[in-house]
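Below: one structure, written as structure tokens.
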């Protein structure tokens, strides 16, 4: 799901509609807050784009990013994809 490019883990998630994409983002926000690690993301209608890297480590990919990426992937697996 996530690919490492340009010092970040990056992924694009597709959903059936905006409501489903927003529900996914809400779940990710809760997981990110629990891990105290937050993604860069954007959302247009049914598509969410995300990038993860660790700012206090010099904007590189760390274990924190891989852990959050796994949580996000697990959340995404529960949705019907558009």
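Numbering (the working numbering), first residue to last: 9 to 90. All residues carry an ideal CB built from backbone N, CA and C; glycine is no exception.
- The three-state reading of DSSP puts residue 58 in strand, counting E and B together.
- Taking a cut-off of 8 angstroms on C-beta distances, the region 11-20 does not touch the region 31-42, as fewer than three cross pairs fall below it.
- Apart from the 5 residues on each side of it in sequence, residue 26 sits with its Cβ closer than 7 angstroms to the Cβ of 53, 54 in its chain, given in chain order.
- Between residue 9 and residue 84, the gap from beta carbon to beta carbon is short of 8 angstroms.
- For the options 47, 57, 78, the alpha carbon positioned closest to that of residue 63 is the one of 47.
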